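Single-structure report; data block below.
Numbering (my numbering), first residue to last: 16 to 172.
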(Lines of atoms letter the chains of each structure in order from A and count residues from 1; the text may use other names and numbers.)
(Lines give C-alpha, C1' and ligand atoms only; values in the text may rest on other atoms or scores of the structure.)
Protein backbone atom coordinates (compact mmCIF):
# COMPACT_ATOMS: atom_id res chain seq x y z
CA UNK A 1 0.00 0.00 0.00
CA UNK A 2 1.35 3.42 -0.91
CA UNK A 3 1.02 5.47 2.25
CA UNK A 4 2.84 8.61 3.40
CA UNK A 5 6.49 8.04 4.13
CA UNK A 6 8.00 8.87 7.53
CA UNK A 7 10.91 10.70 5.88
CA UNK A 8 8.53 13.15 4.17
CA UNK A 9 9.48 16.62 5.56
CA UNK A 10 5.88 17.80 5.44
CA UNK A 11 5.00 15.18 8.07
CA UNK A 12 7.62 16.32 10.58
CA UNK A 13 6.57 18.55 13.46
CA UNK A 14 6.91 22.17 12.42
CA UNK A 15 7.57 21.19 8.81
CA UNK A 16 4.62 23.13 7.43
CA UNK A 17 4.17 26.79 6.68
CA UNK A 18 1.16 29.01 7.02
CA UNK A 19 0.37 27.97 3.44
CA UNK A 20 0.89 24.24 4.05
CA UNK A 21 -0.15 22.17 7.06
CA UNK A 22 2.56 20.28 8.96
CA UNK A 23 0.64 17.01 8.51
CA UNK A 24 -0.96 16.00 5.26
CA UNK A 25 -3.80 13.50 5.47
CA UNK A 26 -4.79 11.46 2.46
CA UNK A 27 -8.44 10.66 2.05
CA UNK A 28 -7.59 7.63 -0.08
CA UNK A 29 -4.78 5.32 -1.00
CA UNK A 30 -4.45 4.32 -4.67
CA UNK A 31 -4.38 0.57 -3.86
CA UNK A 32 -7.61 0.74 -1.88
CA UNK A 33 -9.38 2.77 -4.55
CA UNK A 34 -8.41 0.19 -7.21
CA UNK A 35 -9.90 -2.60 -5.10
CA UNK A 36 -13.06 -0.57 -4.52
CA UNK A 37 -13.43 0.09 -8.25
CA UNK A 38 -13.17 -3.62 -9.05
CA UNK A 39 -15.65 -4.50 -6.28
CA UNK A 40 -18.15 -1.81 -7.36
CA UNK A 41 -18.09 -3.10 -10.94
CA UNK A 42 -17.99 -6.79 -9.90
CA UNK A 43 -21.63 -7.68 -10.70
CA UNK A 44 -21.19 -6.59 -14.31
CA UNK A 45 -17.72 -8.16 -14.47
CA UNK A 46 -19.23 -11.49 -13.37
CA UNK A 47 -21.68 -11.37 -16.28
CA UNK A 48 -18.83 -10.44 -18.60
CA UNK A 49 -16.72 -13.34 -17.38
CA UNK A 50 -19.60 -15.73 -18.06
CA UNK A 51 -19.79 -14.42 -21.63
CA UNK A 52 -15.99 -14.45 -21.96
CA UNK A 53 -16.13 -18.17 -21.30
CA UNK A 54 -17.50 -18.53 -24.84
CA UNK A 55 -14.03 -17.55 -26.05
CA UNK A 56 -12.70 -20.88 -24.77
CA UNK A 57 -14.11 -22.38 -27.97
CA UNK A 58 -11.64 -21.35 -30.71
CA UNK A 59 -11.10 -17.92 -29.17
CA UNK A 60 -8.75 -16.23 -26.77
CA UNK A 61 -8.93 -14.66 -23.32
CA UNK A 62 -6.18 -12.34 -22.10
CA UNK A 63 -5.53 -9.78 -19.37
CA UNK A 64 -4.54 -6.33 -20.66
CA UNK A 65 -3.91 -3.51 -18.17
CA UNK A 66 -6.11 -5.18 -15.54
CA UNK A 67 -8.99 -5.72 -17.99
CA UNK A 68 -10.05 -9.17 -19.19
CA UNK A 69 -10.33 -9.18 -22.98
CA UNK A 70 -12.00 -12.05 -24.83
CA UNK A 71 -12.61 -12.69 -28.51
CA UNK A 72 -13.58 -15.54 -30.74
CA UNK A 73 -16.19 -16.93 -33.13
CA UNK A 74 -18.83 -17.61 -30.46
CA UNK A 75 -18.52 -14.05 -29.17
CA UNK A 76 -18.65 -12.76 -32.74
CA UNK A 77 -21.97 -14.54 -33.15
CA UNK A 78 -23.31 -13.10 -29.87
CA UNK A 79 -22.22 -9.56 -30.75
CA UNK A 80 -23.59 -9.73 -34.29
CA UNK A 81 -26.92 -11.43 -33.49
CA UNK A 82 -27.91 -10.46 -29.95
CA UNK A 83 -26.95 -6.79 -29.79
CA UNK A 84 -29.86 -4.54 -30.85
CA UNK A 85 -27.85 -2.48 -33.34
CA UNK A 86 -27.88 -2.83 -37.11
CA UNK A 87 -24.90 -5.06 -37.83
CA UNK A 88 -24.35 -5.74 -34.12
CA UNK A 89 -21.36 -4.51 -32.16
CA UNK A 90 -17.62 -4.91 -32.62
CA UNK A 91 -17.04 -5.07 -28.85
CA UNK A 92 -18.90 -4.63 -25.59
CA UNK A 93 -17.84 -3.96 -22.00
CA UNK A 94 -19.16 -5.56 -18.83
CA UNK A 95 -17.37 -4.08 -15.82
CA UNK A 96 -13.71 -5.03 -16.21
CA UNK A 97 -14.38 -7.46 -19.06
CA UNK A 98 -14.40 -6.57 -22.76
CA UNK A 99 -15.73 -9.07 -25.27
CA UNK A 100 -15.12 -8.63 -28.99
CA UNK A 101 -15.58 -10.36 -32.31
CA UNK A 102 -11.86 -10.73 -33.02
CA UNK A 103 -8.41 -9.33 -32.27
CA UNK A 104 -8.84 -6.46 -34.73
CA UNK A 105 -12.08 -5.38 -33.04
CA UNK A 106 -10.39 -5.52 -29.62
CA UNK A 107 -7.48 -3.39 -30.77
CA UNK A 108 -9.63 -0.94 -32.70
CA UNK A 109 -12.09 -0.36 -29.87
CA UNK A 110 -9.71 -0.52 -26.90
CA UNK A 111 -9.72 3.23 -26.11
CA UNK A 112 -13.52 3.44 -26.49
CA UNK A 113 -14.12 0.39 -24.30
CA UNK A 114 -11.70 1.68 -21.62
CA UNK A 115 -13.97 4.71 -21.23
CA UNK A 116 -16.84 2.29 -20.54
CA UNK A 117 -14.67 0.49 -17.96
CA UNK A 118 -14.18 3.82 -16.16
CA UNK A 119 -17.94 4.44 -16.40
CA UNK A 120 -18.60 1.07 -14.75
CA UNK A 121 -16.09 2.01 -12.03
CA UNK A 122 -18.07 5.20 -11.35
CA UNK A 123 -21.60 3.80 -11.68
CA UNK A 124 -21.10 0.18 -10.56
CA UNK A 125 -24.29 -1.89 -10.63
CA UNK A 126 -26.23 1.24 -11.60
CA UNK A 127 -24.42 1.53 -14.94
CA UNK A 128 -26.69 -0.73 -16.99
CA UNK A 129 -29.94 0.93 -15.80
CA UNK A 130 -28.33 4.36 -16.28
CA UNK A 131 -27.13 3.39 -19.75
CA UNK A 132 -30.62 2.20 -20.71
CA UNK A 133 -32.07 5.43 -19.30
CA UNK A 134 -29.56 7.35 -21.43
CA UNK A 135 -30.84 5.56 -24.53
CA UNK A 136 -34.46 6.34 -23.61
CA UNK A 137 -33.48 9.97 -23.02
CA UNK A 138 -31.85 10.09 -26.45
CA UNK A 139 -34.99 8.65 -28.07
CA UNK A 140 -37.18 11.20 -26.27
CA UNK A 141 -34.98 13.92 -27.72
CA UNK A 142 -35.37 12.35 -31.19
CA UNK A 143 -31.75 11.16 -31.23
CA UNK A 144 -30.27 7.76 -31.96
CA UNK A 145 -30.46 5.51 -28.87
CA UNK A 146 -26.80 4.49 -29.27
CA UNK A 147 -25.02 7.50 -30.74
CA UNK A 148 -27.17 9.94 -28.73
CA UNK A 149 -26.60 8.11 -25.44
CA UNK A 150 -24.53 10.33 -23.07
CA UNK A 151 -22.31 7.35 -22.13
CA UNK A 152 -21.48 6.72 -25.79
CA UNK A 153 -20.94 10.40 -26.47
CA UNK A 154 -18.32 10.41 -23.70
CA UNK A 155 -16.71 7.22 -25.02
CA UNK A 156 -16.48 8.55 -28.58
CA UNK A 157 -14.65 11.76 -27.54
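Even glycine gets a Cβ: it sits at the ideal position worked out from N, Cα and C. Since this is a predicted model, take the numbers as computed values, not measurements.
- For residue 71, the closest of 116, 85 and 135 by C-alpha to C-alpha distance is 85.
- Per DSSP, residue 109 is one residue of the beta strand (DSSP E) stretching across 106-109.
- The three-state secondary structure of residue 69, taken from DSSP, is helix.
- By the neighbour-count definition (other C-beta atoms within 10 Å, threshold 16), residue 52 is a buried residue.
- Judged by pairs of C-beta atoms under 8 angstroms, the stretch 112-123 does not touch the stretch 147-159, as fewer than three such pairs exist.
- Taking the C-beta atoms as reference points, residue 127 is found no nearer than 8 angstroms to residue 82.
- At a Cβ-Cβ threshold of 8 angstroms, residue 94 and residue 75 do not count as neighbours.
- The closest CA to that of residue 62, considering only 96, 156 and 140, is found on 140.
- Here the C-alpha atom of residue 157 lies approximately 9 angstroms from the C-alpha atom of residue 163.
- In this structure, the CA atom of residue 169 is about 29 angstroms from the CA atom of residue 68.
- In this structure, residue 108 and residue 132 form a Cβ contact; the two beta carbons are roughly 6 angstroms apart against a cut-off of 8 angstroms.
- In the structure shown, residue 56 adopts coil according to DSSP, grouped into three states.
- Around residue 103, the same chain offers 94 and 95 as residues with beta carbons nearer than 6 angstroms, after the five sequence neighbours per side are excluded.
- At the C-beta level, residue 146 and residue 171 stay beyond 8 angstroms of one another.
- Nearest in C-alpha terms to residue 66, of all of 134, 160 and 91, is 91.
- According to the DSSP assignment, residue 118 belongs to the alpha helix (DSSP H) that extends over 118-138.
- DSSP places residue 93 within a helical segment (H, G or I) once states are collapsed to three.
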